[in-house]
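Visitor:
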Amino acid sequence: MNSLDKYDCAILAALQADATLSISGLSEKVGLSSTPCWKRVKRLEEEGYIESRVSIVNRQKVGLPVTVFVSVRTKEHDEKWLERFASAVVALPEVLEFHRMSGDVDYLLKVVTTDIGGYDRFYKKLIKTAQLAGVSSAFSMEQIKYTTALPLDLISHGLPA
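Using the working numbering, the letters of the sequence shown correspond one by one to residues 1 to 161.
#1: Does Tyr107 come out as helix, strand or coil in the three-state DSSP assignment?
#2: Tell me whether Ser27 sits in a helix, a strand or coil according to DSSP, three-state version.
#3: In this structure, what does DSSP give as the bridge partners for Glu47?
#4: Among all the DSSP beta bridges, which residues are the ones paired with Val66?
#5: What distance in whole Å lies between the Cβ atoms of Glu94 and Thr113, which are believed to be in contact at a cut-off of 8 Å?
#6: How would you call Leu154, buried or exposed, if buried means at least 16 neighbouring beta carbons within 10 angstroms?
#7: What does the alpha-carbon distance come out to for the pair Thr147 and Ala13?
#8: Three or more C-beta pairs under 8 Å: does that hold for the stretch 106-121 against the stretch 43-51?
#9: Name the one or two DSSP bridge partners that Phe122 has.
#10: Classify Asp153 as helix, strand or coil using the three-state DSSP reduction.
#11: Just reading off the alpha helix (DSSP H) that Glu79 is part of, what are its end residues?
#12: Which two residues bound the contiguous beta strand (DSSP E) that contains Ala138?
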């Protein structure tokens with residue numbers, strides 16, 4: 001169970017929406033004075049609730065409009081193979097997300113690239129990383145929802161239900 005109260009959740013929600021908020025702007029938004037707000041932000045950082053603060057870059061504008069979900073199946077399931085495969089995949093800059101899955105697919109990758117040719121170059125690098133039983137690619141035709149904000153209203157905030 002987490003140790004977040006309603007103020008912590010309000011701070012996290014506000015920072016998820018705009019990490020550039022000043023402490024005075026943040027404290028006004030969440031209903032705390034500046035010093036307690038600042039102390040909470042520091043605690044949330046120290047305890048790992050806030051992992052980092054980043055800027056979200058527009059993929060279209062920088063020339064990376066293609067998103068591909070890549071399903072990987074393997075016949076290998078030993079730790080040595082996974083270490084080699086994982087370190088190789090993590091090093092591929094096109095990979096934004098890398099998940100070990102349950103079910104028919106062993107691994108799922110979210111990849112961004114420039115175009116079909118860019119994906120082909122990525123694919124050729126991927127299949128050199130390890131022995132794979134199968135690779136299946138699904139190109140995203142349209143992004144209907146995108147958010148990096150966690151649904152903090154789903155947690156109890158340390159309050160009785």
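Just so it is clear, CB atoms sit at the ideal spot from N, CA and C, and this is done for glycine as well.
Guide: With the given structure in hand:
#1: Translated into positions along the sequence shown, residue 107 becomes position 107. Correct three-state label for Tyr107: strand.
#2: Translated into the one-based positions of the sequence shown, residue 27 becomes position 27. If DSSP states are grouped into helix, strand and coil, Ser27 belongs with the helices.
#3: Along the sequence shown, read from residue 1 onward, the residue named residue 47 stands at position 47. Paired residues: none, contrary to the question.
#4: Numbered from 1 along the sequence shown, position 66 holds the residue referred to as residue 66. Answer is Thr113.
#5: Locating residue 113 in the sequence shown gives position 113, where the first residue counts as 1. Locating residue 94 in the sequence shown gives position 94, where the first residue counts as 1. Indeed, because the Cβ distance is near 5 Å, the residues count as touching under 8 Å.
#6: Here residue 154 refers to the residue found at position 154 when the sequence shown is read from its first residue. Exposed is the label assigned to Leu154, since fewer than 16 other Cβ atoms lie within 10 Å of its Cβ.
#7: Here the question's residue 147 lines up with position 147 in the sequence shown. Here the question's residue 13 lines up with position 13 in the sequence shown. About 12 Å.
#8: no
#9: Within the sequence shown, the letter at position 122 stands for residue 122. Paired residue(s): none; Phe122 is not in a bridge.
#10: In the sequence shown, counting from the first residue as 1, residue 153 sits at position 153. Residue state, collapsed to three classes: helix.
#11: One-based indexing of the sequence shown puts residue 79 at position 79. Segment 79-90, the alpha helix (DSSP H) holding Glu79.
#12: Residue 138 sits at position 138 when you count from the first residue of the sequence shown. Secondary structure note for Ala138: its beta strand (DSSP E) is the uninterrupted segment 134-139.
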